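Chemist:
Rendered as structure tokens:
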């Protein structure tokens, strides 16, 4: 399940699950894979970066999606850098 809708970050659920939360009230994740301290749980967007620009939220979501795919396929998780595409 990838909850991705809301007007503000609500981390009430995270406390009950035991997810690590930073002093700034954001989920702590691996910056490469967006994996949390609980195996199989990933996060991205405002719950990780805080309120920022939409493109940054999309970037963390894309990074998390790639890592989730690797995790589910039993592959080593490493996202690395994305290829920059130029318009035609």
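Numbering (our numbering), first residue to last: 1489 to 1576. Using N, Cα and C, we set each Cβ at its ideal position, and we do this for glycine too. Since the structure is predicted, the reported quantities are computational estimates derived from the model, not experimental observations.
On the three-state DSSP scale, how would you describe residue 1531?
Modeler: Counting from one through the chain shown, the residue named residue 1531 turns up at place 43. In this structure, residue 1531 counts as coil in the three-state DSSP scheme.
Chemist: What residue does the alpha helix (DSSP H) around residue 1552 start on, and which one ends it?
Modeler: Looking up residue 1552 in the chain shown gives position 64. 1542 to 1560 is the extent of the alpha helix (DSSP H) around residue 1552.
Chemist: Can you find the residues in the same chain that come closer than 6 angstroms, C-beta to C-beta, to residue 1558, ignoring five residues on each side of it along the sequence?
Modeler: Counting from one through the chain shown, the residue named residue 1558 turns up at place 70. In chain order, 1565 place their CB closer than 6 angstroms to the CB of residue 1558, counting only its own chain and leaving out the 5 sequence neighbours on each side.
Chemist: Whole-angstrom Cβ separation of residue 1499 and residue 1535, contact assumed at under 8 angstroms?
Modeler: Walking along the chain shown from the start, residue 1499 turns up at place 11. Walking along the chain shown from the start, residue 1535 turns up at place 47. 6 angstroms between Cβ atoms; contact.
Chemist: If contacts are defined as beta-carbon pairs under 8 angstroms, then residue 1533 and residue 1521 qualify, I think. What distance do you get, rounded to the angstrom?
Modeler: Here residue 1533 corresponds to residue number 45 of the chain shown, with the count starting at 1. Here residue 1521 corresponds to residue number 33 of the chain shown, with the count starting at 1. The Cβ separation is near 15 angstroms, so there is no contact.
Chemist: What separation, rounded to the nearest whole angstrom, lies between the Cα atoms of residue 1526 and residue 1576?
Modeler: Residue 1526 sits at position 38 when you count from the first residue of the chain shown. Residue 1576 sits at position 88 when you count from the first residue of the chain shown. Approximately 41 angstroms, taken between the alpha carbons.
Chemist: For residue 1551 and residue 1567, what's the separation of their Cα atoms in angstroms?
Modeler: Position 63 of the chain shown holds residue 1551. Position 79 of the chain shown holds residue 1567. If I take the Cα positions, the gap works out to 7 angstroms.
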